[in-house]
Amino acid sequence: MKYILIMRATDETFKAYQDADFDKILESMGRFNDELIRAGVLVAAEGLDDAAEGVVVDYSSEPPVTTDGPYGETKELFNGFWLLNVSSKEEAVEWAKRAPLAGPGSKCEIRRVPSIDEFPQDNEWIQKERAWREASGQL
Amino acid sequence: MADAGGREAIAAVWRIESARIVGALARYTGDFALAEDLAQEALAEALVSWPRDGVPRNPAGWLLTVGRRRAVDTFRRRSALDDKYAALARDLGEGGGGSAPADPARAAEDVLWDPDQIDDDVLALMFIACHPVLSREARVALTLRVVGGLTSDEIAKAFLVPTATVQARITRAKKTLGAARVPFEVPPAEERSTRLGSVLNVVYLIFTEGSSASSGNQLIRLDLASEAQRLARVLTRLMPNEPEVHGLLALLELTAARFPARTGSDGEPVLLEHQDRRRWDRSAIRRGQAALARAERVGRGLGAYGLQAAIAECHAVAESVDATNWERVVLIYEALGRLAPSPVVDLNRAVAVSMAQGPAAALSIVDELAAAEALSNSHLLPSVRGELLVRLKRADEARTELELAVRLCDNERERAVLERKLTDLG
């Protein structure tokens with residue numbers, strides 16, 4: 001079963017991280033990733049670039065409004081993820097509890113990643129997506 | 001949910017930590033069987049106290065402290081009888097022996113949680129659980145329990161046997177290891193390659209048990225296959241210089257890649273030639289190819305698992321049965337037959353030969369096998385022989401062979417496939 005661990009943080013968390021020693025952050029993240037590799041459960045992991053470099057498209061009005069930068073000061077941001085292959089939701093939770101994320105507002109959200117086999121196979125768009133997944137090794 | 005300390009949450013901690021806890025306790029006490037008992041006692045204690053008091057901040061440290069304290073208690077009890085245990089109890093007793101873990105992490109972790117030792121502990125655990133003095137069933141059960149962190153219940157469900165049977169197997173296995181005075185250690189270099197064969201075989205057995213679509217709760221058995229893949233991945237990290245470890249992982253990945261296509265909508269098995277190859281898991285194929293490439297890079301040649309993986313790769317990269325590089329498959333089967341001679345390998349080689357050179361060339365291999373009375377109780381030989389005779393348009397002989405195959409086949413689904421071939425013969 002695949003689960004995604006989504007890192008989320010607030011401005012406060014970022015502030016704390018900016019003041020922290022980057023080598024230490026790399027080390028604690030590296031150790032955690034190494035644990036996941038040792039346990040044979042890591043499928044993929046990525047971190048995201050600075051939220052201020054990002055863009056937000058807001059659908060509140062028609063047409064949608066595009067703005068630069070992060071969502072806002074207090075909203076939670078998605079900062080990166082781990083994709084794990086584990087035996088249960090509880091195991092995913094247990095790994096998340098060990099992730100080196102700390103500080104006020106820092107959170108990790110855990111969501112199951114359904115396989116494409118769980119979608120209606122007779123739907124032409126699902127079939128197209130499957131073809132793309134086959135071609136690109138994303139199944 | 002998880003913080004409430006439910007059984008599921010405890011099981012999750014156990015899955016992640018059990019190998020390290022049993023390993024650390026075995027190193028600590030020098031007694032694998034005792035270590036396994038102590039770890040199980042710690043788990044039992046967690047099942048009582050975590051739901052009541054909440055999951056501790058450092059669950060692994062907590063379990064280890066409890067296990068270590070029980071070890072000291074055990075040694076104290078035994079010390080009345082034995083001077084050696086008395087000395088151990090003194091050495092190990094410092095700071096332990098209280099009633100409830102006051103500081104769960106500290107003392108035990110400093111002594112036992114030595115990061116330089118953990119990998120060796122887990123590896124030693126794999127070698128001891130797969131020790132050749134044990135029966136195959138015992139090796140499988142012990143590996144799943146101490147390395148995989150599965151409960152006796154889960155193992156029993158996966159193998160469709162009563163829990164008591166699994167527990168008895170594990171108890172007997174621990175006694176056998178004790179009686180044979182098997183030390184808790186990674187075997188010395190000169191023994192390692194022989195012993196490694198047993199470890200790889202156990203992982204392979206777990207995988208094949210999990211991947212067999214015959215009966216039982218499908219989900220649990222697929223979990224078993226993925227547990228075997230995880231164990232193989234862990235082994236590649238612990239023993240990166242052993243080509244067969246990578247070869248086995250490659251074989252498991254490439255085999256698992258076909259899982260989505262190997263059963264039809266009503267659950268009947270779909271043979272390789274009829275599988276919808278678009279349903280094969282491309283990322284598993286890629287991971288398998290990468291593992292196979294690592295096996296080759298080690299540079300000591302491929303072993304039996306690596307060669308089987310290489311055959312699976314030939315199928316994985318081909319767009320259809322006809323587009324498969326059958327000449328290469330034949331060559332690899334020849335190499336495999338020399339390395340690990342077996343009538344099943346010869347039979348598979350015959351099938352590959354029939355695809356590369358036609359049915360007549362293949363029939364002579366099958367006839368030799370029949371003459372040697374190999375596989376005489378299996379439906380496989382008459383199935384293949386019958387199929388070759390069908391292709392050679394020798395219908396009467398084909399019918400005799402296929403009828404024999406039907407009689408010998410005890411899998412309902414496979415029998416249906418054979419019966420259909422008979423009907424097609426008219």
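Going down the list, the protein sequences come from chains A and B. If you read the first sequence in the working numbering, its first letter stands for residue 1, the second for the next number, and so on. If you read the second sequence in the working numbering, its first letter stands for residue 1, the second for the next number, and so on. Every residue, glycine too, gets a C-beta built ideally from N, C-alpha and C.
Beta-carbon neighbours of residue i, restricted to chain A and to distances below 9 Å
i, result
"B/R237", "I37, R38 and G40"
"B/A12", "V86, S87, S88, K89, E90, E91, A92, V93, E94 and W95"
"B/A180", "Residues of chain A passing the Cβ test: none, with the nearest at roughly 30 Å."
"B/R391", "None at all; the shortest Cβ gap to chain A is about 32 Å."
Under 8 Å by beta carbon: chain A residues contacting residue i
i, result
"B/D223", "S87"
"B/V234", "R38, A39 and G40"
"B/A9", "E90, V93 and E94"
Proximal chain B residues relative to residue i, where beta-carbon distance stays under 7 Å
i, result
"A/D159", "A question about residue 159 of chain A goes unanswered here, because the residues of chain A that appear run from 1 up to 139."
Close Cβ partners of residue i (< 8 Å) along its chain, the five nearest in sequence each way excluded
i, result
"B/A100", "Reliability fails at B/A100, whose pLDDT of 42 lies under 50, so the model's placement of it is uncertain and the value that follows must be treated cautiously. Once the five neighbours on either side are set aside, B/A100 has no close Cβ partner at all."
"A/D58", "P64, V65, T66 and T67"
"B/L339", "G303, A304 and L307"
"B/V182", "F32, I128, H131 and V133"
"B/V351", "A362 and V384"
"A/E62", "none"
"B/G98", "Because the pLDDT at B/G98 is just 39, under 50, the model does not fix this residue reliably, and the value given afterwards should be weighed accordingly. Excluding residues within five positions, the ones whose Cβ falls inside 8 Å are R69."
"B/E327", "A356"
"A/P87", "The sequence as given places Ser at residue 87 of chain A; Pro does not occur at that position. Correct list, in chain order: M1."
"B/A374", "P343, D346 and L381"
For residue i, the three-state DSSP class (helix, strand or coil)
i, result
"A/Y59", "coil"
"B/G95", "For B/G95, the pLDDT reaches just 43, beneath the cut-off of 50, and the residue's location in the model is therefore unreliable, although a value from the coordinates is still provided. B/G95 falls in the coil class under three-state DSSP."
"B/R258", "coil"
"A/E46", "strand"
"B/F159", "helix"
"A/E109", "strand"
"A/R31", "helix"
"B/P183", "coil"
"B/A228", "helix"
"B/L125", "helix"
"B/G301", "coil"
"A/V41", "coil"
"B/L43", "helix"
"B/A60", "helix"
"A/A9", "strand"
"A/W132", "helix"
"A/D68", "strand"
"B/W280", "coil"
"B/P240", "coil"
"B/T151", "coil"
"B/E36", "helix"
Under 7 Å by beta carbon: chain A residues contacting residue i
i, result
"B/R15", "S87 and E91"
"B/E244", "Within 7 Å Cβ-Cβ: nothing; B/E244 doesn't reach chain A, min ~17 Å."
Among the options, nearest to residue i - alpha-carbon criterion
i, options, result
"B/D276", "B/S320, B/V161 and B/Y204", "B/S320"
"A/L84", "A/A16, A/L48, A/V41 and A/G54", "A/V41"
"B/E387", "B/D31, B/K174, B/R420 and B/S226", "B/R420"
"B/A44", "B/G30, B/A284 and B/L64", "B/L64"
"A/G69", "A/G80, A/S87, A/D49 and A/E62", "A/D49"
"B/K393", "B/P359, B/R27, B/D73 and B/G61", "B/P359"
"A/I116", "A/C108, A/E109, A/A102 and A/W125", "A/W125"
"B/R262", "B/L252, B/W280 and B/L249", "B/W280"
"A/V56", "A/Y3, A/D122, A/M7 and A/L77", "A/L77"
"B/T255", "B/E242, B/A228, B/G264 and B/N241", "B/A228"
"B/V353", "B/I332, B/I10, B/L196 and B/A250", "B/I332"
"B/A203", "B/R136, B/R169 and B/G264", "Here residue 203 of chain B is Val; the residue named in the question, Ala, does not match the sequence. That would be B/R136, whose Cα lies nearest to the Cα of B/V203."
"B/W50", "B/E412, B/D322, B/S378 and B/G6", "B/G6"
"B/I118", "A/R112, A/R38 and A/P120", "A/R38"
"A/G80", "A/G47, A/P114 and A/G54", "A/G47"
Chain-ordered neighbours of residue i on chain B, where CB pairs are closer than 8 Å
i, result
"A/E129", "None at all; the shortest Cβ gap to chain B is about 12 Å."
Close beta carbons around residue i, own chain, < 7 Å, minus the five adjacent residues each side
i, result
"B/D103", "For B/D103, the pLDDT reaches just 47, beneath the cut-off of 50, and the residue's location in the model is therefore unreliable, leaving the point undetermined."
"B/V161", "none"
"B/R172", "A138"
Sequence-distant residues of the same chain with beta carbon closer than 6 Å to residue i, five excluded per side
i, result
"B/L205", "V140"
"B/M1", "Only weak support exists for where B/M1 lies, its pLDDT of 41 falling under 50; the value from the coordinates is given anyway. Within the same chain, B/M1 has no close Cβ partners at all."
"B/L144", "L150 and I155"
"B/S198", "C130 and P132"
(message) Below 8 Å, how does it come out for the region 20-35 of chain A and the region 117-133 of chain A: are there three or more Cβ pairs, yes or no?
(response) no
(request) Taking 8 Å as the threshold, find out whether the region 396-412 of chain B comes into contact with the region 353-369 of chain B through three or more Cβ pairs. (result) no
(request) Please determine if the region 226-244 of chain B and the region 260-274 of chain B are in contact, where contact requires at least 3 C-beta pairs separated by less than 8 Å. (result) no
(request) Assess, as a yes-or-no matter, whether the region 118-125 of chain B is touched by the region 13-32 of chain B under the definition of 3 or more beta carbon pairs within less than 8 Å. (result) yes
(request) Please confirm if the region 278-295 of chain B is in contact with the region 342-349 of chain B, defined as three or more CB-CB distances below 8 Å between the two stretches. (result) no
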